[in-house]
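Before any comments, here is the structure.
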Amino acid sequence: MTRLDSNKEQGPISSTPVSSEATILNAVPIRHYGRWIATIFLLLVAMVMVKSLITNPRFRWGIVGDYITSEPILDGLRLTLILTVVAQLIGILIGIILAIMRLSSNRVLARAAWIYIWFFRGTPLLVQLIFWYNISALYPEIAIGIPFGPTFWQGNANDLITPFAVAILGLALNEGAYMAEIVRGGIVGIDHGQSESAKALGMTHMQTLRRIILPQAVKVIIPPTGNQTILMLKTTSLVSVLALADLLYTAQTIYARTFETMPLLTVVSLWYLGITSVLTFGQFFLERHFTEGKQDRITFTQRITGRVSMSKSGSELGQAERAKHND
Amino acid sequence: MIEPALRVEAVRKSYGHVEVLKGIDMQVKPGEVACLVGPSGSGKSTFLRCINHLEKINSGRLYVHGELVGYQEKKGRLYELSDREVCRKRAEIGMVFQSFNLFQHMSVLENIIEAPMKVLKTSKEEAVIYARELLELVGLSGREESYPKQLSGGQQQRVAITRALAMRPKLMLFDEPTSALDPELVGEVLAAMQDLANSGMTMIVVTHEMGFARKVADSVTFMDAGLIVESGPPDQVLDNPQNERTQSFFSKVL
Numbered sequence: 026m027t028r029l030d031s032n033k034e035q036g037p038i039s040s041t042p043v044s045s046e047a048t049i050l051n052a053v054p055i056r057h058y059g060r061w062i063a064t065i066f067l068l069l070v071a072m073v074m075v076k077s078l079i080t081n082p083r084f085r086w087g088i089v090g091d092y093i094t095s096e097p098i099l100d101g102l103r104l105t106l107i108l109t110v111v112a113q114l115i116g117i118l119i120g121i122i123l124a125i126m127r128l129s130s131n132r133v134l135a136r137a138a139w140i141y142i143w144f145f146r147g148t149p150l151l152v153q154l155i156f157w158y159n160i161s162a163l164y165p166e167i168a169i170g171i172p173f174g175p176t177f178w179q180g181n182a183n184d185l186i187t188p189f190a191v192a193i194l195g196l197a198l199n200e201g202a203y204m205a206e207i208v209r210g211g212i213v214g215i216d217h218g219q220s221e222s223a224k225a226l227g228m229t230h231m232q233t234l235r236r237i238i239l240p241q242a243v244k245v246i247i248p249p250t251g252n253q254t255i256l257m258l259k260t261t262s263l264v265s266v267l268a269l270a271d272l273l274y275t276a277q278t279i280y281a282r283t284f285e286t287m288p289l290l291t292v293v294s295l296w297y298l299g300i301t302s303v304l305t306f307g308q309f310f311l312e313r314h315f316t317e318g319k320q321d322r323i324t325f326t327q328r329i330t331g332r333v334s335m336s337k338s339g340s341e342l343g344q345a346e347r348a349k350h351n352d
Numbered sequence: 031m032i033e034p035a036l037r038v039e040a041v042r043k044s045y046g047h048v049e050v051l052k053g054i055d056m057q058v059k060p061g062e063v064a065c066l067v068g069p070s071g072s073g074k075s076t077f078l079r080c081i082n083h084l085e086k087i088n089s090g091r092l093y094v095h096g097e098l099v100g101y102q103e104k105k106g107r108l109y110e111l112s113d114r115e116v117c118r119k120r121a122e123i124g125m126v127f128q129s130f131n132l133f134q135h136m137s138v139l140e141n142i143i144e145a146p147m148k149v150l151k152t153s154k155e156e157a158v159i160y161a162r163e164l165l166e167l168v169g170l171s172g173r174e175e176s177y178p179k180q181l182s183g184g185q186q187q188r189v190a191i192t193r194a195l196a197m198r199p200k201l202m203l204f205d206e207p208t209s210a211l212d213p214e215l216v217g218e219v220l221a222a223m224q225d226l227a228n229s230g231m232t233m234i235v236v237t238h239e240m241g242f243a244r245k246v247a248d249s250v251t252f253m254d255a256g257l258i259v260e261s262g263p264p265d266q267v268l269d270n271p272q273n274e275r276t277q278s279f280f281s282k283v284l
């Protein structure tokens with residue numbers, strides 16, 4: 026077998042050695058005039074922007090510096106982060122459950138999940154948040170019990186549904202609908218043969234899902250989940266309508282008093298940008314962790330500059346690896 | 031009389047309005063190797079998948095080692111078995127697929143010990159020892175830590191056979207195990223299967239490898255359009271087919 030492989034690799038071309046001088050061409054590369062003009066234009070735009078950032082006194086960088094690490098802003102940031110993490114985690118959980126329901130052979134379960142997704146994707150999140158906030162108008166009393174049977178617990182809706190609870194509820198329920206589609210896509214993408222061979226080995230439906238399907242689906246699910254988390258971070262700013270003191274609402278309350286609108290919005294933007302950058306970084310490493318085979322890995326710099334050297338392309342190395350294993 | 035490893039009575043199976051199995055009767059004795067041959071779409075693979083209840087039959091009876099597959103008969107009525115019960119029975123039947131279907135996220139060793147640990151509740155130490163033993167038998171010692179993608183098709187299929195054997199099955203089903211392989215890799219898989227047959231395993235093999243059927247099989251069954259057309263010892267069916275349809279098929283493939 027070794028002999029066969031090496032025959033294949035050499036092939037007819039490399040067996041007749043070409044002199045290295047003949048392969049070097051002294052050709053003039055194509056001149057990309059369009060690209061040069063675009064580059065010059067972009068550099069000019071960048072210069073104008075930097076100049077205005079430095080010289081326009083109305084940016085009031087001093088005030089930005091005063092507020093960026095001030096107590097109320099940091100408190101708001103903390104709440105924003107808590108909302109992001111908690112709502113996203115609950116959203117992922119809801120998403121997994123909904124995805125499994127949608128793929129169930131039980132039509133009622135599948136249809137129920139479909140209706141959920143249809144509803145929560147079909148109405149604006151802002152409307153949903155305001156709706157939950159005012160839920161006590163529909164149900165002043167909330168009770169836990171069996172319909173037409175005994176009641177175990179009963180309470181006032183206004184006490185139970187605090188703005189924080191509304192925020193978590195609204196964000197997570199909505200996120201669940203989007204995550205459901207992402208998780209379902211990941212599960213459906215796994216070759217049917219995987220679950221079939223697991224079944225043939227006597228594994229139950231749940232074992233197959235937990236041990237065979239989900240671990241493989243995770244690789245497909247991680248990148249869009251990272252995007253969702255970044256989206257969630259910024260979406261939490263909607264809770265300012267609930268008068269919940271997140272990052273944006275805190276800034277709003279300050280500039281309502283001091284009229285330092287632009288500096289405070291700059292503070293808010295800088296924080297959102299900073300956290301998004303951290304999340305992007307984390308997402309990259311998560312993704313790389315789930316890439317099989319170290320040889321396919323790229324560095325973070327390669328990722329953001331979009332430069333991946335051709336000799337390192339995964340498929341080529343994969344083949345080399347395979348050839349090595351074959352003999 | 032010894033209970034046959036497989037007893038099939040008037041099995042029918044349809045997908046919607048299309049009937050793919052139109053009344054199959056068959057028996058396979060313990061230790062026997064039965065080859066199923068026939069043109070594509072004749073229902074061979076569907077029939078194989080009915081044996082371990084990957085497909086549900088619409089009528090008839092299918093017994094593996096005297097036990098009804100997928101159902102329980104009480105007072106003349108059939109009751110579908112629970113997921114758990116079906117799984118318990120499937121665990122006794124090994125299956126090898128055309129496309130190997132190794133778990134892509136697991137190493138060779140993990141592929142093999144997964145089901146013994148999760149289904150048979152074997153301890154990890156015990157499962158690993160047996161897995162290594164089996165890997166040695168199929169000539170894949172030292173490949174424990176490789177991932178499926180790093181193996182050739184022939185090696186993957188031998189791992190798939192090992193994975194099925196690790197469950198200590200009483201019956202092995204092979205669904206065109208060599209059809210997805212490069213011609214030069216077919217031999218190593220057939221050799222592993224022949225070793226298995228020689229060890230006394232009961233095997234039902236859907237195949238296009240007539241050489242294998244002739245050399246290893248105790249019986250060859252020719253299927254066409256959802257029916258068994260002809261069945262018997264390999265030399266009789268392959269060399270001296272009685273039915274016209276069988277004759278024309280073998281005149282093309284042999």
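Protein chains in written order, with the working numbering: chain S, 26 to 352; chain A, 31 to 284. Virtual Cβ for every residue (Gly too), placed ideally from N, Cα, C. This structure is a prediction, so every number in the text was calculated from the model and none was measured.
Check: What residues in its chain sit with their C-beta under 7 angstroms from that of residue 129 of chain S, if we drop five residues either side in the sequence?
Finding: 135
Item checked: Minimum C-alpha distance to residue 296 of chain S - residue among S:103, S:200, S:173 -> S:103
Note to self: If distances are taken between C-alpha atoms only, which option among A:173, A:103, A:199, A:178 comes closest to residue 134 of chain A?
What the structure shows: A:178
Next item on the list: Measure the Cβ-Cβ separation of residue 248 of chain S and residue 85 of chain S and say whether it is below 7 angstroms.
Entry: No, the Cβ-Cβ distance between residue 248 of chain S and residue 85 of chain S is not below 7 angstroms.
Check: From what residue to what residue does the beta strand (DSSP E) around residue 285 of chain A run?
Finding: Chain A is shown only over 31 to 284; residue 285 of chain A falls outside these bounds and no answer can be derived.
Item checked: As assigned by DSSP and simplified to three states, the class of residue 130 of chain A -> coil
Item checked: Residues of the segment 118–139 of chain S whose Cβ lies closer than 7 angstroms to any Cβ of chain A, in chain order -> Residues: none.
Notebook entry, point to check: When the distance is taken between beta carbons, is residue 270 of chain A closer than 7 angstroms to residue 259 of chain A?
Noted result: no
Next item on the list: Spell out a yes or no on whether the segment 260–270 of chain S and the segment 235–252 of chain S are touching, meaning 3 or more CB-CB pairs, one atom from each, closer than 8 angstroms.
Entry: No, they do not touch.
Margin query: Among the candidates A:140, A:262, A:112, A:210, whose CA atom is the shortest distance from the CA of residue 176 of chain A?
Written below: A:140
Check: Does residue 129 of chain A have its Cβ less than 7 angstroms from a Cβ in chain S?
Finding: yes
Margin query: Three Cβ pairs or more, each shorter than 8 angstroms: is that satisfied between the segment 81–89 of chain A and the segment 137–157 of chain A?
Written below: no
Margin query: Within 7 angstroms of any Cβ in chain A, is that where the Cβ of residue 227 of chain S sits?
Written below: yes
Checklist line | Reduced DSSP secondary structure (H/G/I, E/B, other) of residue 52 of chain A | finding: Residue 52 of chain A falls in the strand class under three-state DSSP.
Check: Span of the beta strand (DSSP E) holding residue 234 of chain A?
Finding: 232–236
Check: Are the segment 190–205 of chain S and the segment 109–128 of chain A touching by the rule of at least three beta carbon pairs closer than 8 angstroms?
Finding: no
Next item on the list: Per DSSP, which residues does residue 180 of chain S bridge with? Please list them.
Entry: S:167
Next item on the list: Could you tell me whether the segment 111–129 of chain S touches the segment 206–219 of chain S, where touching means 3 or more Cβ pairs closer than 8 angstroms?
Entry: yes
Notebook entry, point to check: Below 7 angstroms between beta carbons: does that hold for residue 261 of chain S and residue 118 of chain S?
Noted result: no
Margin query: On the CB-based measure, 16 or more other CB atoms within 10 Å of its CB, does residue 20 of chain S come out buried or exposed?
Written below: Residue 20 of chain S is absent from the model: chain S starts at 26 and stops at 352.
Margin query: I need the DSSP call for residue 177 of chain A, collapsed to helix, strand or coil.
Written below: coil
Notebook entry, point to check: What are the residues that DSSP puts in a beta bridge with residue 252 of chain A?
Noted result: Residue 252 of chain A has A:67, A:260 as its beta-bridge partners, per DSSP.
Next item on the list: Return the CA-CA distance between residue 237 of chain A and residue 81 of chain A, expressed in angstroms with no decimal places.
Entry: 16 angstroms
Next item on the list: Would you mind reading off the limits of the beta strand (DSSP E) that contains residue 40 of chain A?
Entry: 36–45
Notebook entry, point to check: Checking contacts by CB at 7 angstroms: is residue 120 of chain A closer than that to chain S?
Noted result: yes
Next item on the list: Would you kindly report the start and end of the unbroken alpha helix (DSSP H) that includes residue 187 of chain A?
Entry: 183–195
Next item on the list: To the nearest angstrom, report how far apart residue 231 of chain S and residue 136 of chain A are at their CA atoms.
Entry: Taking the straight line joining both Cα atoms gives about 18 angstroms.
Checklist line | Within chain D, the residues that residue 145 of chain A reaches when beta carbons sit closer than 7 angstroms | finding: In the displayed structure, chain D is absent; the protein chains listed are S and A.
Note to self: Once DSSP output is grouped into helix, strand and coil, what is the label at residue 136 of chain A?
What the structure shows: In this structure, residue 136 of chain A counts as coil in the three-state DSSP scheme.
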